[in-house]
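Here is the structure we will look at, set down as structure tokens.
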Amino acid sequence: MGRSMYPFMVEGELSSFEKLNQEEARIGEVYLFVTGAGSLVCHRLHDIHGEGSLKRYIFKGDTNIVPDEPVRKEQILGRFTGTYKRKGWIPADHWKLSILTWITLNIPLWPKMVRRYLSLRRL
1214 MGRSMYPFMV
1224 EGELSSFEKL
1234 NQEEARIGEV
1244 YLFVTGAGSL
1254 VCHRLHDIHG
1264 EGSLKRYIFK
1274 GDTNIVPDEP
1284 VRKEQILGRF
1294 TGTYKRKGWI
1304 PADHWKLSIL
1314 TWITLNIPLW
1324 PKMVRRYLSL
1334 RRL
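Under the working numbering, the residues of the sequence shown are numbered 1214 to 1336, in order.
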């Protein structure tokens, strides 16, 4: 596991996901998906392009500068439901995670700030 979702997810934490049913994926939520190269990735949904069979989902790690390659709905395995942090279970709709989601989606400098912090801490 990398640092692409820090501090939302940290190495060593156990996260839970639920299967994505027929409902539409929502921008801002975190999903587990398989890349075209076959890697398993957990990133936040930033945009949706196209319609019908041409629809593609654009994900990006919270500390990444550029988004991932677009993926099809069939590549999305599940929606993040929560994580076990040091103080116990934190559900996806917890206020702390909601604040992090808002910051990630609305403050363009957030990835650079977190990357700088991580480089200083040498995490």
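Quick reminder that beta carbons are idealized off the backbone N, C-alpha and C, glycines included.
Item	Value
Using 8 Å for Cβ pairs, my map puts F1246 next to L1313. What's the rounded Cβ distance?	Contact doesn't hold; Cβ gap of about 20 Å is too wide.
Taking 9 Å as the threshold (C-beta atoms), are V1243 and F1293 in contact?	yes
Using DSSP bridges, identify the partner residues of W1302.	Y1297
Assuming I1271 is part of the beta strand (DSSP E), what are its boundary residues?	1269 to 1273
Considering only C-alpha positions, which residue in the set T1248, N1234, N1277, R1257 is nearest to R1216?	N1277
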